[in-house]
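Chains as they are written, first to last, in this note's numbering: chain A, 890 to 1256; chain B, 273 to 641.
Remarks on the structure that follows.
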Amino acid sequence: MSNTEYQITPGQLVFLITQTQIGVGLLGLTSKVHNVAKGDAWISVLLAGMLAHLFIFVMWCLSRRFPSFTLYDYLPVLLGKYIGKFIQFVYTAYFILVASYIILQFSSTFHDWVLSNTPRWIIMGIISGVCLYLIRESLRTIARFFVLVFFCNIAVIIITAYAYLHVNFLYILPVGQAGIWKITEGAHYAMNAFAGYELLLITFPLVEGGSAGKLKAATLANLFTAVLYTFAVFTSLIVFSPPEMELLPQPLLYMVKALTFSVFERLDLYFLSLWAVVTTTSLMGYMFMASKGLANLFRAQSNHQNAAPYTVALVFIIVVFFQNPLLIDVFGKILSIANYVFLFGIPFVLFMISILFKVTEVRGSTE
Amino acid sequence: MRLGIILFAACFIAMLLSGCWDQQLLKDDRIVYIVGFDLGSDGKLQTTTAILDVSGSQKGMKPFSEIHTVSGYTSRHNREIMDLEVPGRVSASKVLVILFGEALARKHIYPVLDVFYRDPRSALNAKVAVIEGTTRDAITMKLTGTKLISEHYNKLIKSAEKATNVPNVNIQFICSPLLDQGDDFAVPYIKIAKTPSINGIALFNGDKMTGTLSREESMLYLLMADKLSKTASFTFEVNKEGKQNPEKYISIDVQSIKRKLKVNVQGNRKIQVPLDLNLKVNAIEYPKNHLTKQILDRLNKKLSKELTRKAQVVTQKMQKANHDGFGIGRRIMAYYPNTWKNLNWKEDYRKVEFVPKVTVEIVTHGIMN
């Protein structure tokens, strides 16, 4: 089972989940949701946060039945060797694809905003390199780094708060203008940005303490993410008039770019530099999950560290050969649907199987 | 093996260190501080820019502006043409002021500004102003002082903003109302005679200039829009019977304002906008002296009446220019969404009934009565 040396505290789990959730997705979140939900985009984001919470609860119920197993460990127990291995493989592939998608979004944002002449593979290489550097360490080291980086979020909040000098609250009125259906549809587009809490499935046995504490930690993490997202989306909504919003793919950055102080100009550059770190942690979270899966595919219950270089290399190869912006768009759409399967569908089915056939860890381990 | 990795890493890092793709050295860039757009005689767009140039001598550096005028189809096209005649690469990342000639402003400004919104390197905090006449004259003008032309316009606009003479806008702030149907913006309107001077504001409807307000009117307009900056001072004639000219007048400095704006929709078409403006002012100059309680009361009444009348003139001018600077349309969208759907705002805005009411209260009068 898991070695106590590799365990992390529930407090660290909070940061681990938050940092994996918050990433490059936030920058484009507002415009994506605004396209459908208009001035009610912030409600959609809140709704998505609540939905994410439901998913977390299902994951927790499932993981609680196998307190010292990761998802990869109990998959074969629940589904049998072959199907279990297959689902394990699919999960690993999913994590690798999400990681690739993060890098693709990251590099295209940086390409558009700052480094327009730098070849993309350099940007991709640098972020992958940084990622590899940390992923080769133990989970505890990763968690400590995430705690450190968490403070970047605070700086980001402060920078965003400056936009309140020029806002117009009328832009979000009347509340509920889009209608319930559109708000729900908007929530679907926001779900993507919330992804990251599936880390709970993988790290559950690696956290100290009882399962109640772990649920609390995941709740807190998701709550923070939901509040930060809602704040960011709400701010962008009241800064830009609806017709202007439609023209901006990254309203948050655009808003920051217009801010000026007597000493600082082009705040978007500072913002992006901070955001690069935040995005990297999100990427690291996914790389960690993918490495763990890859390692488990070859040898059950093995460590993620050995698989890390292969995961990073795989992701790097995918992103270097996959740069067509139209394809990236399609890729994003596929992932946003796949989200439901991997974050809710499969865990829910597994949970049902585990209840119906009364499979828990004790019986499972005797097999 | 380990040494090999270190060596490889060292070589690789050294390769990266040799330079970045995206570096822009200041020494290669020619920085444009002010840019003016005019409608050329042939229908083309004419761009005039002042580029900072520093000529060095033993005594010290003396900066001066190098001025270029070109015409082309779009603002970017003009930049390309300009690049051909300017030694070094033209960079618009530090533009302080963007000027529009009135003829162009009355046609459209968004197509010209598009490149500023699109380019990640552009300065979104550049000030905007409309010139009565052409910007070419405004930029090529010889100033009496030693200030650079760009600095001159920048300071001119900024000080006018502080005195609530013109709204505090830059190209980013105007973008939201520019694209929004239910809101409009105004920018400083500059007259060039012997020297450039602020001559009120230019009112826009969408991205077209449709009217102007004088200095005094624009101040009142800004107060009615609840946008008091640091100070705002007016001078009025209050005494007909004064012996000499200065004794007829009072100067007031607005200290704080309270504005109440409501939008009442009656039926489906009739829109009434009561606008209550409460000004607490400081009497900064009153040569006739003796500001006792009775006189203050009389002055308060007189000033209130005078300003209310002026406020009516302002709203009339705004409606004539179809300029919805108080965002009435936005309010209707927010509070009466069903009414909004039936409105044709371009036509119906003129039918809105404004009921401005200004109340002035002199609260302080300096250190003498």
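All residues carry an ideal CB built from backbone N, CA and C; glycine is no exception.
Values in this document were obtained by computation on a predicted structure and should not be read as measured data.
Exercise. Who are the neighbours of residue 1002/A on chain B, taking C-beta pairs under 8 Å?
Worked result: Position 113 of the first sequence, counted from the start, is the residue given in the question as residue 1002/A. Listed along the chain, the chain B residues whose CB falls inside 8 Å of the CB of residue 1002/A are 392.
For this session: Name the residue from 421/B, 381/B, 503/B whose alpha carbon lies nearest to the alpha carbon of residue 431/B.
Result: Within the second sequence, numbered from 1, the residue matching residue 431/B stands at position 159. Residue 503/B is the option with its Cα nearest to residue 431/B.
Problem set entry | Proximal residues to residue 1237/A (C-beta, below 6 Å), its chain only, five neighbours per side dropped | Within the first sequence, the letter at position 348 stands for residue 1237/A. Hits under 6 Å: 947.
Exercise. Based on the DSSP secondary-structure assignment, which residues constitute the bridge partners of residue 637/B?
Worked result: Residue 637/B sits at position 365 when you count from the first residue of the second sequence. Per DSSP, the beta bridge partners of residue 637/B are 639/B.
Exercise. In chain order, what residues of the same chain lie with their CB nearer than 8 Å to the CB of residue 360/B, ignoring the 5 residues before and after it?
Worked result: Against the second sequence, residue 360/B aligns to sequence position 88. Cβ neighbours of residue 360/B beyond the five flanking positions: 300, 301, 302.
Exercise. What's the call for residue 292/B, buried or exposed, on a 16-neighbour Cβ count within 10 Å?
Worked result: The sequence position of residue 292/B within the second sequence is 20, counting from 1. The residue in question, residue 292/B, is exposed, as its Cβ has fewer than 16 Cβ neighbours within 10 Å.
Exercise. Taking the C-alpha atoms as reference points, what is the distance between residue 279/B and residue 1020/A?
Worked result: Here residue 279/B is taken as the residue at index 7 of the second sequence, counted from 1. Here residue 1020/A is taken as the residue at index 131 of the first sequence, counted from 1. The straight-line gap from Cα to Cα measures roughly 22 Å.
Problem set entry | Spatially closest choice to residue 559/B from 284/B, 297/B, 521/B, by CA coordinates | Counting from 1 along the second sequence, the entry for residue 559/B is found at position 287. Nearest of 284/B, 297/B, 521/B to residue 559/B, Cα basis: 521/B.
Problem set entry | Outcome for residue 943/A when other beta-carbon atoms lying within 10 angstroms are tallied against a minimum of 16 | Within the first sequence, residue 943/A is the residue found at index 54, counting from 1. Exposed is the call here.
For this session: Compute the beta-carbon to beta-carbon distance between residue 310/B and residue 381/B, rounded to the nearest angstrom, for a pair I have assumed lies under 8 Å.
Result: Counting from 1 along the second sequence, the entry for residue 310/B is found at position 38. Counting from 1 along the second sequence, the entry for residue 381/B is found at position 109. So it is not a contact: roughly 12 Å between Cβ atoms.
For this session: Tell me whether residue 316/B sits in a helix, a strand or coil according to DSSP, three-state version.
Result: Sequence index remark: in the second sequence, residue 316/B carries index 44 (1-based). Three-state result, residue 316/B: coil.
Exercise. Looking at residue 918/A and residue 1082/A, is the spacing between their C-beta atoms short of 8 Å?
Worked result: Locating residue 1082/A in the first sequence gives position 193, counting from the first residue. Locating residue 918/A in the first sequence gives position 29, counting from the first residue. Here residue 1082/A is near residue 918/A, since their CB atoms are less than 8 Å apart.
Exercise. Would the stretch 533 to 541 of chain B and the stretch 554 to 573 of chain B be scored as touching if the rule is three or more Cβ pairs under 8 Å?
Worked result: Counting Cβ pairs under 8 Å, fewer than three are found: no touch.
Problem set entry | Minimum length 4: unbroken alpha helix (DSSP H) runs contained in the stretch 902 to 944 of chain A | Listed in chain order, the complete alpha helix (DSSP H) runs (minimum 4 residues) inside the stretch 902 to 944 of chain A are 914 to 926.
Problem set entry | Beta carbon of residue 319/B nearer than 8 Å to that of residue 354/B | As a first step, residue 319/B is located in the second sequence; it is residue number 47 there, counting from the start. As a first step, residue 354/B is located in the second sequence; it is residue number 82 there, counting from the start. Result yes, Cβ atoms of residue 319/B and residue 354/B sit closer than 8 Å.
Exercise. Applying a beta-carbon distance threshold of less than 9 Å, which residues of chain A neighbour residue 276/B?
Worked result: Position 4 of the second sequence, counting from 1, holds the residue named residue 276/B. What residue 276/B touches in chain A: nothing, since even the nearest Cβ is about 17 Å away.
For this session: Consult DSSP for residue 965/A and reduce its assignment to one of helix, strand or coil.
Result: On the first sequence, position 76 is the one that residue 965/A refers to. Reduced to three states, the DSSP call for residue 965/A is helix.
Exercise. With respect to the alpha helix (DSSP H) encompassing residue 988/A, which residues constitute its N-terminal and C-terminal limits?
Worked result: Along the first sequence, read from residue 1 onward, the residue named residue 988/A stands at position 99. Run containing residue 988/A: 970 to 1002, per the alpha helix (DSSP H) assignment.
Problem set entry | Separation of residue 1185/A from residue 970/A, as counted between CA atoms | For the purposes of this step, residue 970/A is taken as the residue at position 81 of the first sequence. For the purposes of this step, residue 1185/A is taken as the residue at position 296 of the first sequence. So the two alpha carbons sit approximately 13 Å from each other.
Exercise. Just reading off the alpha helix (DSSP H) that residue 592/B is part of, what are its end residues?
Worked result: Reading the second sequence from its first residue, position 320 is the one you call residue 592/B. Residue 592/B -> alpha helix (DSSP H) spans 565 to 592.
Exercise. To the nearest angstrom, how far is it from the Cα of residue 1004/A to the Cα of residue 1119/A?
Worked result: Reading the first sequence from its first residue, position 115 is the one you call residue 1004/A. Reading the first sequence from its first residue, position 230 is the one you call residue 1119/A. Distance between the alpha carbons of residue 1004/A and residue 1119/A: 29 Å.
Exercise. Between residue 600/B and the rest of its own chain, which residues show a CB-CB distance below 8 Å, the 5 nearest in sequence each way excluded?
Worked result: The count along the second sequence starts at 1 and reaches residue 600/B at position 328. The beta carbon of residue 600/B sits closer than 8 Å to the beta carbons of 454, 535, 543, 545, 621, 624 from its chain, once the five residues preceding and following it are set aside; these are given in chain order.
Exercise. Does any C-beta atom of chain A lie closer than 8 Å to the C-beta of residue 474/B?
Worked result: The count along the second sequence starts at 1 and reaches residue 474/B at position 202. Cβ-Cβ to chain A under 8 Å: no for residue 474/B.
For this session: Answer with buried or exposed for residue 566/B, where buried requires no fewer than 16 other C-beta atoms within 10 angstroms of its C-beta.
Result: Here residue 566/B is taken as the residue at index 294 of the second sequence, counted from 1. So residue 566/B counts as exposed.
Exercise. Three or more beta-carbon pairs under 8 Å between the stretch 357 to 371 of chain B and the stretch 393 to 402 of chain B, yes or no?
Worked result: Because the criterion of three Cβ pairs below 8 Å is met, the stretch 357 to 371 of chain B and the stretch 393 to 402 of chain B touch.
Problem set entry | residue 425/B versus residue 529/B: straight-line alpha-carbon distance, rounded | As a working note, residue 425/B is residue 153 in the second sequence. As a working note, residue 529/B is residue 257 in the second sequence. Straight-line measurement puts the Cα of residue 529/B at about 29 Å from the Cα of residue 425/B.
For this session: Using the Cα positions of residue 370/B and residue 429/B, report the straight-line distance between them to the nearest angstrom.
Result: Here residue 370/B refers to the residue found at position 98 of the second sequence. Here residue 429/B refers to the residue found at position 157 of the second sequence. C-alpha separation (whole angstroms): 11 Å.
Problem set entry | Touch test, the stretch 1198 to 1211 of chain A against the stretch 909 to 928 of chain A, Cβ-Cβ under 8 Å, three pairs minimum | As far as the Cβ criterion goes, the stretch 1198 to 1211 of chain A does not touch the stretch 909 to 928 of chain A, which means the pair count is below three.
Exercise. Using a Cβ cut-off of 8 Å, which residues of the stretch 599 to 628 of chain B contact any Cβ in chain A, in chain order?
Worked result: Flagged, chain order: 599, 602, 603, 605, 606, 607, 609.
Exercise. For residue 500/B, which three-state DSSP category applies?
Worked result: Reading the second sequence from its first residue, position 228 is the one you call residue 500/B. When DSSP states are grouped into helix, strand and coil, residue 500/B belongs to the coil group.
Problem set entry | Bounding residues of the alpha helix (DSSP H) (the contiguous stretch that carries residue 433/B) | Here residue 433/B refers to the residue found at position 161 when the second sequence is read from its first residue. For residue 433/B, the uninterrupted alpha helix (DSSP H) run begins and ends at 421 to 434, by DSSP.
For this session: Find the residues of chain A that neighbour residue 283/B, judging by a C-beta separation of less than 7 Å, and give them in chain order.
Result: On the second sequence, position 11 is the one that residue 283/B refers to. For the C-beta of residue 283/B, not a single chain A residue is nearer than 7 Å; the gap to the nearest is close to 15 Å.
Exercise. From what residue to what residue does the alpha helix (DSSP H) around residue 354/B run?
Worked result: Along the second sequence, one-based indexing puts residue 354/B at 82. Segment 347 to 357, the alpha helix (DSSP H) holding residue 354/B.
Exercise. Do residue 510/B and residue 574/B have their C-beta atoms closer together than 8 Å?
Worked result: Along the second sequence, read from residue 1 onward, the residue named residue 510/B stands at position 238. Along the second sequence, read from residue 1 onward, the residue named residue 574/B stands at position 302. It is a contact, given that the beta carbons lie within the stated cut-off.
Exercise. When you compare only the Cα positions, how much space is there between residue 1135/A and residue 1129/A?
Worked result: Reading the first sequence from its first residue, position 246 is the one you call residue 1135/A. Reading the first sequence from its first residue, position 240 is the one you call residue 1129/A. So the alpha carbons of these two residues sit roughly 9 Å apart.
For this session: Kindly indicate which three-state DSSP category residue 1156/A falls into: helix, strand or coil?
Result: Reading the first sequence from its first residue, position 267 is the one you call residue 1156/A. In this structure, residue 1156/A counts as helix in the three-state DSSP scheme.
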